[in-house]
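**Student:** One line per chain: the protein sequences are A and B, in this order. Each residue of the first sequence is one higher than the one before, counting from 25 in the numbering used here. Each residue of the second sequence is one higher than the one before, counting from 206 in the numbering used here. For every residue, glycine included, the Cβ atom is placed at its ideal position computed from N, Cα and C.
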Amino acid sequence: DLTEKLGDVFRRLRGYGRLSEKDVRAAMREIRIALLEADVNYRVVKDFIDSVQSEAVGERVTKSVSPGYQVIKIVHDELVSLLGGEGERIGFAASPPTVIMLVGLQGCGKTTLAAKLAHRLKKAGKRPLLVACDTRRPAAREQLAIVADQVPAPVFFGDGTDAVEVAASAVKGAREQGRDLLILDTGGRLHIDDELMDELARMKDAVHPTEICLVADGMTGQDAVQVAKEFDDRLGIDGVILTKLDGDARGGAALSIRAVTGRPIKFVGVGEKVGDLEEFIPERMASRILG
Amino acid sequence: LRGRARIDDDLFEELGEILISADVGVAASERILDRVKSRVRSNGVDDPGEIPRLLQEEIEEILEAASRRLTAPEKRPPGERPRWERPEAGEGADEVPVTEASMAAKEGTGGPRVMMVVGVNGTGKTTTIGKLAKRYVDEGQRVLVAACDTYRAAAAEQLQIWADRAGVEMVGSHSGADPASVAYDALSSTVARGGDVLLIDTAGRLHTRTPLMEELRKMKRVLARLHPGAPHDTLLVLDATTGQNGLSQCRLFHEALDLTGIVLAKLDGTARGGIVIAAAEELGIPVRYVGTGETIADIAEFDPRSFAAALFS
Ligand SMILES: Nc1nc2c(ncn2[C@@H]2O[C@H](COP(=O)(O)OP(=O)(O)OP(=O)(O)O)[C@@H](O)[C@H]2O)c(=O)[nH]1
Ligand SMILES: Nc1nc2c(ncn2[C@@H]2O[C@H](COP(=O)(O)OP(=O)(O)OP(=O)(O)O)[C@@H](O)[C@H]2O)c(=O)[nH]1
Ligand SMILES: [Mg+2]
Ligand SMILES: [Mg+2]
Chain A
25 DLTEKLGDVF RRLRGYGRLS EKDVRAAMRE IRIALLEADV NYRVVKDFID
75 SVQSEAVGER VTKSVSPGYQ VIKIVHDELV SLLGGEGERI GFAASPPTVI
125 MLVGLQGCGK TTLAAKLAHR LKKAGKRPLL VACDTRRPAA REQLAIVADQ
175 VPAPVFFGDG TDAVEVAASA VKGAREQGRD LLILDTGGRL HIDDELMDEL
225 ARMKDAVHPT EICLVADGMT GQDAVQVAKE FDDRLGIDGV ILTKLDGDAR
275 GGAALSIRAV TGRPIKFVGV GEKVGDLEEF IPERMASRIL G
Chain B
206 LRGRARIDDD LFEELGEILI SADVGVAASE RILDRVKSRV RSNGVDDPGE
256 IPRLLQEEIE EILEAASRRL TAPEKRPPGE RPRWERPEAG EGADEVPVTE
306 ASMAAKEGTG GPRVMMVVGV NGTGKTTTIG KLAKRYVDEG QRVLVAACDT
356 YRAAAAEQLQ IWADRAGVEM VGSHSGADPA SVAYDALSST VARGGDVLLI
406 DTAGRLHTRT PLMEELRKMK RVLARLHPGA PHDTLLVLDA TTGQNGLSQC
456 RLFHEALDLT GIVLAKLDGT ARGGIVIAAA EELGIPVRYV GTGETIADIA
506 EFDPRSFAAA LFS
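1. Quick check on the burial criterion: 16 or more other C-beta atoms within 10 angstroms. Buried or exposed for E305 (chain B)?
2. Take Y66 (chain A) and list the residues in its own chain whose beta-carbon comes closer than 7 Å to its own, dropping the five residues that flank it on each side.
3. Can you check whether the CB of V427 (chain B) is closer than 8 Å to the CB of V468 (chain B)?
4. Which same chain residues end up closer than 7 Å to A483 (chain B) when comparing Cβ atoms and leaving out the 5 residues on each side of it in sequence?
5. Step through the CB atoms of chain A and report whether any lies within less than 8 Å of the CB of P413 (chain B).
6. Just to make sure I have the definition right: I need the residues of chain B whose C-beta is within less than 9 Å of the C-beta of I216 (chain A). Which are they?
7. Let me check one thing: in DSSP terms, what residues is F180 (chain A) bridge-paired to?
8. So if I measure from each beta-carbon to every heavy atom of ligand 4 and keep distances below 5 Å, which residues remain?
9. If the cut is a Cβ gap below 7 Å, which residues of chain B does P162 (chain A) touch?
10. Please work out which residues of its chain come closer than 7 Å, Cβ to Cβ, to H143 (chain A), disregarding the five sequence neighbours upstream and downstream, and give them in chain order.
11. Could you name the residues, in chain order, whose CB is less than 7 Å away from a heavy atom belonging to ligand 3?
12. Taking 8 Å as the cut-off, decide whether the C-beta atoms of K228 (chain A) and L259 (chain A) are in contact.
13. Cα separation between N132 (chain A) and R42 (chain A)?
14. What in chain A is Cβ-close to A359 (chain B), meaning under 7 Å?
15. Taking 8 Å as the threshold (C-beta atoms), are D354 (chain B) and D406 (chain B) in contact?
16. For M321 (chain B) versus T413 (chain B), is the C-beta spacing smaller than 8 Å?
17. What residue range does the alpha helix (DSSP H) around V294 (chain A) cover?
18. Would you kindly report the start and end of the unbroken beta strand (DSSP E) that includes M243 (chain A)?
19. Does DSSP classify D406 (chain B) as helix, strand or coil?
20. Can you have a look at A309 (chain B) and say buried or exposed, based on whether 16 or more other CB atoms are within 10 angstroms of its CB?
21. What does V231 (chain B) reach in chain A if we use C-beta pairs closer than 8 Å?
22. Is there at least one Cβ from chain A nearer than 8 Å to N326 (chain B)'s Cβ?
23. Terminal residues of the continuous beta strand (DSSP E) containing G263 (chain A)?
24. For a contact meaning CB atoms closer than 8 Å, what does E222 (chain B) contact in chain A?
25. Please tell me whether G271 (chain A) has its Cβ less than 8 Å away from any Cβ of chain B.
26. With hydrogens ignored, establish whether the beta-carbon of C353 (chain B) is closer than 7 Å to any heavy atom of ligand 1.
27. Suppose you measure from the CA of R422 (chain B) to the CA of P257 (chain B); what does that come to, to the nearest Å?
28. Comparing the C-beta of S518 (chain B) with each C-beta of chain A, is any distance below 8 Å?
29. If you count every other CB in all the chains shown that lies within 10 Å of the CB of R357 (chain B), and 16 or more means buried, which is it?
30. Assess, as a yes-or-no matter, whether the stretch 238 to 256 of chain B is touched by the stretch 486 to 501 of chain B under the definition of 3 or more beta carbon pairs within less than 8 Å.
31. Going by the DSSP bridge assignment, what does I467 (chain B) pair with across the sheet?
32. Mind checking the stretch 262 to 295 of chain A against chain B and listing, in chain order, the residues whose C-beta falls within less than 8 Å of any C-beta there?
33. Taking the continuous alpha helix (DSSP H) assigned at D256 (chain A), which residues delimit it?
34. Please list, in chain order, the residues of the stretch 375 to 405 of chain B that have any C-beta partner in chain A closer than 8 Å.
35. Find the residues of chain B that neighbour M243 (chain A), judging by a C-beta separation of less than 7 Å, and give them in chain order.
36. Mind checking which residues open and close the beta strand (DSSP E) that includes V48 (chain A)?
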């Protein structure tokens, strides 16, 4: 437990004087281990420790809390401010329809999320249409049809196997049908797959999405930085949604992705049902990462 | 690492970063580097260029040891039974070696080899079963697959497509059916049709959900009752992009089900899947296969040497 470990480090400090550089360094070793065990990328951890260390040294040791707790508070507050603004909403288009494009690696939860977003935004008064832009995965259409039905929300399937075509036709038809919100579910792909990343770039050009959301598995490890950077560099991300945080993953990928893209995390997925979507709350994520 | 003049703390710190960046984890990396340091001392190594090779060998040995552990059943403490097992079941369970070569030699066991595929959501279980089915078919085995994910949207439809691609029969039921009953029916059908291998697809589930883990334990008991020794394999599919939570997954799935191996999927990305090193070292679970893409041919038997080498390339 981090509080206990820092307690050991600081047990010699008895509530007077200032936090010495030596003591802070020792504390930062423990913080570094905690962040790495939480899956924060090791380079992001380095930068983070450097900035927090300089802030903690020289802090007056207050009588009311232990020095260990004081350091944790500095670290926690810094994490919260880095993780960013609370509950950044999905930005709606000035003139409808709003088009949300979901992208990410294989199996991170995009299709399930499409239904969750439809459910949430429908409750907020929108008329969502789901678009089946995954034309490759076995039974992808069937899967989307079933989860869409749980909302319920209509699905546009298009005919043909060209994902960009499907997206373009859907957006074109949306206005005529009075749908003010389109959620594009794309097929999972690797950030290093040039052909498939290019497909997304072409889809972006064809439909001008209001929001491109990177969907990332909450248990992602050190690789989160590579993935997020590639998607942001090649495509441009507006927001991030982390999934599968209903387990015991510490979720350090949140900090990695935020640090490398600067984009806000908007929601977290917390289960397999259509209602299992929560707003992203930095305080909660910070505590979770610190363990 | 090339410009290193001597063996010092900086060198080991840099090696530590390589391991951490590969998702080996802090604790396992420290233990592994400590062992390398003591080998350096005891062998009197003084050339820093030797250290990466020593580290690679250490990792290789950890991975090899895990596969050896499972092929030597006498290493298991006497009288220890897997937690899922009931007293009357599975006397033959321990004696089935877990190499691919043994698949062809199933005569020793009599009846089909049953392989259960488990793991958290979205790791690649269903796709892996399609690939394994094709692989065993190509080896001349008669293979069936069981659609025991009766929960997730279009799970059976997805598996059916893979079964068709592999040229194998799928046994399923309706959505919402009890997974253990479907497994039971699938095994009966496999035995009736003289099948050599039955691959069982299960629904993704978080290891922290006890009732869902119990559902898998029940499936094992049901299979063992019908055919003592089944399931001969319980494979955990791990996503190579997963971080330290992968170790938690290994621990809890292993505790509940006694895993016989890991399939490390999505190794065609940039993640290196170092968590399997921690799993081998702490739990002795071997990696059996790696998934390297989304087509039916994208699976290979795990090779500790090339895996260890890839960490440093
Ligand atoms: N526990 C949990 N499971 C989730 C969550 N989100 C999605 N899942 C599950 O994760 C698995 C994969 O979800 P999908 O929606 O198919 O993922 P995907 O990104 O569309 O996958 P591809 O299209 O193959 O890339 C399914 O079993 C989902 O039920 C979540 O927040 N928590
Ligand atoms: N690149 C790559 N993708 C893979 C690999 N294995 C599986 N996938 C993809 O990962 C996604 C999820 O695969 P599934 O087989 O549905 O995973 P699952 O574990 O059965 O998922 P649930 O049943 O929902 O828990 C699909 O898009 C697959 O094509 C692999 O080795 N490499
Ligand atoms: Mg999908
Ligand atoms: Mg599946």
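**Tutor:** Reading off the structure:
1. Taking the second sequence and counting its residues from 1, one reaches residue 305 (chain B) at position 100. Note on E305 (chain B): pLDDT 48, under 50, position unreliable in the model; the coordinate value appears next. Flag for E305 (chain B) reads exposed.
2. Counting from 1 along the first sequence, the entry for residue 66 (chain A) is found at position 42. Shown here for Y66 (chain A): same chain residues with a beta carbon closer than 7 Å to its own, the five before and five after excluded, namely L60 and Q246 in chain order.
3. Your numbering for residue 468 (chain B) matches position 263 in the second sequence. Your numbering for residue 427 (chain B) matches position 222 in the second sequence. Result no, Cβ atoms of V468 (chain B) and V427 (chain B) do not sit closer than 8 Å.
4. Locating residue 483 (chain B) in the second sequence gives position 278, counting from the first residue. Closer than 7 Å at Cβ, skipping near neighbours: V229, G230, A233 and L452.
5. Translated into positions along the second sequence, residue 413 (chain B) becomes position 208. The question names Pro, but residue 413 (chain B) in the sequence shown is Thr. Proximity of T413 (chain B) to chain A, defined by a Cβ-Cβ separation below 8 Å, is satisfied.
6. Taking the first residue of the first sequence as 1, we reach residue 216 (chain A) at position 192. What I216 (chain A) touches in chain B: D473, G474 and T475.
7. Mapped onto the first sequence, residue 180 (chain A) falls at position 156. Note: F180 (chain A) sits in a beta bridge opposite A:V155.
8. B:K330 and B:T331
9. The residue labelled residue 162 (chain A) in the question sits at position 138 within the first sequence. Simply Q363, I366 and W367.
10. Position 119 of the first sequence, counting from 1, holds the residue named residue 143 (chain A). For H143 (chain A), where only same-chain residues beyond five positions count, the Cβ hits under 7 Å are V175, V298 and G299.
11. A:K134, A:T135, A:D158, A:R161, A:A164, A:Q167, A:D209, A:G211 and A:G212
12. Counting from one through the first sequence, the residue named residue 228 (chain A) turns up at place 204. Counting from one through the first sequence, the residue named residue 259 (chain A) turns up at place 235. Yes, Cβ-Cβ distance for K228 (chain A) and L259 (chain A) is below 8 Å.
13. In the first sequence, the residue the question calls residue 132 (chain A) occupies position 108. In the first sequence, the residue the question calls residue 42 (chain A) occupies position 18. The question names Asn, yet the displayed sequence has Cys at residue 132 (chain A). Using only the alpha carbons, I get a separation of about 46 Å.
14. Looking up residue 359 (chain B) in the second sequence gives position 154. Contact note: A359 (chain B) reaches chain A through A163, E166, Q167 and I170, using a C-beta cutoff of 7 Å and chain order.
15. Against the second sequence, residue 406 (chain B) aligns to sequence position 201. Against the second sequence, residue 354 (chain B) aligns to sequence position 149. For D406 (chain B) and D354 (chain B), yes; Cβs fall inside 8 Å.
16. Taking the second sequence and counting its residues from 1, the one referred to as residue 321 (chain B) is at position 116. Taking the second sequence and counting its residues from 1, the one referred to as residue 413 (chain B) is at position 208. Cβ atoms of M321 (chain B) and T413 (chain B): not closer than 8 Å.
17. For the purposes of this step, residue 294 (chain A) is taken as residue 270 along the first sequence, with counting starting at 1. Element bounds for V294 (chain A): n/a, residue is neither H nor E.
18. As a first step, residue 243 (chain A) is located in the first sequence; it is residue number 219 there, counting from the start. That residue, M243 (chain A), is in no beta strand (DSSP E); it is neither H nor E in DSSP.
19. Here residue 406 (chain B) corresponds to residue number 201 of the second sequence, with the count starting at 1. Correct three-state label for D406 (chain B): strand.
20. The sequence position of residue 309 (chain B) within the second sequence is 104, counting from 1. For A309 (chain B), the predicted model reports a pLDDT of 39, less than 50, meaning its position is unreliable and no value from the coordinates is stated.
21. The sequence position of residue 231 (chain B) within the second sequence is 26, counting from 1. What V231 (chain B) touches in chain A: I57, L60 and E61.
22. The residue you call residue 326 (chain B) lines up with position 121 of the second sequence. Yes, its Cβ sits closer than 8 Å to a Cβ of chain A.
23. On the first sequence, position 239 is the one that residue 263 (chain A) refers to. Counting along the chain, the beta strand (DSSP E) containing G263 (chain A) begins and ends at G263 to T267.
24. Taking the second sequence and counting its residues from 1, one reaches residue 222 (chain B) at position 17. Neighbours of E222 (chain B) on chain A, chain order: Y66.
25. Here the question's residue 271 (chain A) lines up with position 247 in the first sequence. By this cut-off, G271 (chain A) is an interface position.
26. By 1-based counting over the second sequence, the position of residue 353 (chain B) is 148. False, no ligand heavy atom lies under 7 Å from that Cβ.
27. Taking the second sequence and counting its residues from 1, the one referred to as residue 422 (chain B) is at position 217. Taking the second sequence and counting its residues from 1, the one referred to as residue 257 (chain B) is at position 52. Approximately 42 Å, taken between the alpha carbons.
28. For the purposes of this step, residue 518 (chain B) is taken as residue 313 along the second sequence, with counting starting at 1. So, not an interface residue.
29. To locate residue 357 (chain B), count along the second sequence from 1; it is residue 152. Buried, because 16 or more other Cβ atoms sit within 10 Å of the Cβ of R357 (chain B).
30. no
31. Here residue 467 (chain B) refers to the residue found at position 262 when the second sequence is read from its first residue. In DSSP, I467 (chain B) forms a bridge with B:L441 and B:V492.
32. K268, D270, G271, D272, A273, R274, G276 and A277
33. By 1-based counting over the first sequence, the position of residue 256 (chain A) is 232. Start and end: A248 to R258.
34. Here the close residues number zero.
35. Indexing the first sequence from 1 puts residue 243 (chain A) at position 219. By Cβ distance, chain B contributes T447, G448 and N450.
36. Here residue 48 (chain A) refers to the residue found at position 24 of the first sequence. Here V48 (chain A) belongs to no beta strand (DSSP E); instead the alpha helix (DSSP H) covers E45 to E61.
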